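In UniProt numbering, the protein residues as written are 1 to 200. Quick notes on the structure that follows.
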Amino acid sequence: MCMNVSLGVAVALKQALTPEFKAYQYQVLSNCRAMANALINHGYKIVTGGSDNHLILLDLRPNGTDGGRAEKVLEAAAIACNKNTCPGDKSALRPSGLRFGSPALTSRGMVEDDFRKVAEFIHRGIQVTLDIQASLQPKATLKEFKEALAGEGKHQERVAELRGRWRLSLGVPHAWSGGTLKTRFQDEMFSCHLPHHHTS
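Below, the structure is given as structure tokens:
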């Protein structure tokens with residue numbers, strides 16, 4: 001291991017021992033639980049039944065859609081997520097899961113109430129996904145779904161409205177109660193950026 005890597009690891013380990021970083025990690029976990037519970041209240045199934053870490057995996061099969069389609073809608077609304085396979089999926093080409101994490105927005109100073117709002121935006125995005133699917137043939141391909149999403153009309157208007165409300169909600173996050181956590185960790189180590197809108 002070269003010297004600069006060793007020094008970087010040493011600095012990271014030292015920072016991980018600070019009370020501020022421990023408070024940040026606690027908030028990451030608490031935020032993820034709040035988001036998970038809010039999504040459960042919206043009727044979504046979480047593969048593990050909840051969350052004990054910084055990630056959740058939604059199984060969208062009970063809702064009648066899949067991770068690939070929902071991911072495209074949420075990406076268009078500037079909400080970062082990842083399609084992911086769930087136990088029982090027959091093909092990785094059409095994964096039924098959608099994965100979310102809490103560290104990035106926690107680094108922006110968001111707390112539990114904010115993550116409940118995040119869950120609401122996710123729910124709205126999935127509802128748009130279902131509406132687009134309903135406008136297509138039952139066996140429509142992902143390519144056809146993406147074309148419908150990108151086309152002019154009510155679907156694009158709803159996505160644009162969702163994107164605008166989502167970005168507005170991120171404009172003024174709560175001040176982090178830990179004070180120094182934001183300056184020491186958010187600005188130096190955990191800054192995050194909204195994904196650029198694209199239709200690929």
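All residues carry an ideal CB built from backbone N, CA and C; glycine is no exception. Computed from a predicted model, the values in this text were never measured in an experiment.
At the C-beta level, H54 and C81 stay beyond 8 angstroms of one another. The Cβ atoms of K90 and G67 do not sit closer than 8 angstroms to each other.
Assignment of beta-bridge partners to R99 by DSSP yields L57 and N82.
Partner residues in the beta bridge of I46, as assigned by DSSP, are L58. In this structure, I122 sits near L39, with a CB-CB distance shorter than 8 angstroms.
Residue state for L7 is assigned as helix, using DSSP reduced to three classes. Around the beta-carbon of R69, 16 or more other beta-carbon atoms lie within 10 Å, marking it buried. With the rule of 3 Cβ pairs closer than 8 angstroms, the segment 86–104 does not count as touching the segment 129–138. In the structure shown, Q137 falls within a coil segment according to DSSP collapsed to helix, strand and coil. When DSSP states are grouped into helix, strand and coil, G67 belongs to the helix group.
Relative to the Cα of A36, the nearest Cα in the group Q25, D52, L162 and G164 belongs to D52.
Each of T106, E71 and K143 was checked against the Cα of V159, and the nearest Cα belongs to E71. DSSP, read as helix, strand or coil, puts G125 in helix. Close CB contacts of I126 within its chain, under the 6 angstroms cut and outside five residues either way in sequence, are with A70 (chain order).
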